[in-house]
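Colleague: Below is a structure I'd like to ask you about.
Residue numbers (our numbering): 379 to 587.
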């Protein structure tokens with residue numbers, strides 16, 4: 379009987395003690411977006427934060443309306459931002475007044491203090507008080523987002539990350555770039571990896587008295 383060449387039996391695979399589940403598409407999008415933000419933050423040498431101190435005002439027309447505002451018509455939004463020094467770092471106060479074609483008016487106001495981080499150019503928002511009355515960063519799984527600021531080149535970026543009740547996430551990014559006479563604002567909001575809203579405006583520096 380002719381001899382048949384037989385391949386040696388392959389050893390049985392070693393069982394894994396830990397088997398990680400495959401990451402979801404949303405999770406991959408989240409980490410990818412945060413990685414892009416991290417790369418952007420470290421891409422240029424930072425200007426002095428002092429150059430951003432002051433009051434800036436402007437306006438913009440918004441055609442990309444939120445789902446709940448689509449029946450209101452075009453939105454005209456007045457913008458005002460004040461950036462000023464505080465002991466721990468700096469504070470941003472921004473206000474907006476929205477007016478729709480329907481006649482509806484809405485005011486918004488936010489005030490956040492940012493403390494210096496050990497990493498150059500990085501600031502962490504102090505939005506929540508602890509038991510001793512000290513301001514701390516907020517928990518992104520809750521009503522308030524986790525907010526941070528980064529100074530890179532001539533741009534001061536403020537980003538807000540929030541985990542939604544659905545298990546997804548939302549990221550809002552405010553880029554304020556120094557230009558002659560004021561700031562150029564570029565705003566983007568992402569739900570997962572999807573861009574859902576953007577806004578651009580020119581803010582003029584208000585002369586100090």
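Quick reminder that beta carbons are idealized off the backbone N, C-alpha and C, glycines included.
Can you give me the C-alpha to C-alpha distance between residue 461 and residue 477, rounded to a whole angstrom?
Modeller: Their backbone Cα atoms lie some 25 Å apart in a straight line.
Colleague: Restricting to runs no shorter than 3 residues, where is the beta strand (DSSP E) found entirely within the region 519-556?
Modeller: Residue ranges of uninterrupted beta strand (DSSP E) with 3 or more members, entirely inside the region 519-556 and ordered along the chain, are 524-530 and 533-541.
Colleague: Taking DSSP's pairing of strands, which residues face residue 453 in a bridge?
Modeller: 440 and 478
Colleague: Assign residue 564 to one of three DSSP states: helix, strand, or coil.
Modeller: strand
Colleague: Take residue 403 and list the residues in its own chain whose beta-carbon comes closer than 7 Å to its own, dropping the five residues that flank it on each side.
Modeller: Bear in mind that a pLDDT of 43 at residue 403, under 50, signals an unreliable position, so the model cannot answer this.
Colleague: Would residue 548 pass as an interface residue toward chain B - the criterion being a Cβ-Cβ separation below 7 Å?
Modeller: The structure shown has no chain B; it contains just one protein chain.
Colleague: Mapping DSSP to helix, strand and coil, what is residue 579?
Modeller: If DSSP states are grouped into helix, strand and coil, residue 579 belongs with the strands.
Colleague: What residue from 554, 493, 553 and 557 has the CA that sits closest to residue 466's CA?
Modeller: The shortest Cα separation from residue 466 among 554, 493, 553 and 557 belongs to 493.
Colleague: Is the CB-CB distance between residue 434 and residue 560 below 7 Å?
Modeller: A contact, by the Cβ cut-off of 7 Å.
Colleague: Among 452, 440, 527 and 568, which one has its Cα closest to the Cα of residue 537?
Modeller: The candidate whose alpha carbon is nearest that of residue 537 is 527.
Colleague: Using a Cβ-Cβ cut-off of 6 Å (strictly less than) and excluding sequence neighbours within five positions of residue 487, which residues of its own chain qualify?
Modeller: Close CB contacts of residue 487 within its chain, under the 6 Å cut and outside five residues either way in sequence, are with 473 (chain order).
Colleague: Per DSSP, which residues does residue 429 bridge with? Please list them.
Modeller: The partner list for residue 429 (beta bridge, DSSP) is empty, contrary to what the question assumes.
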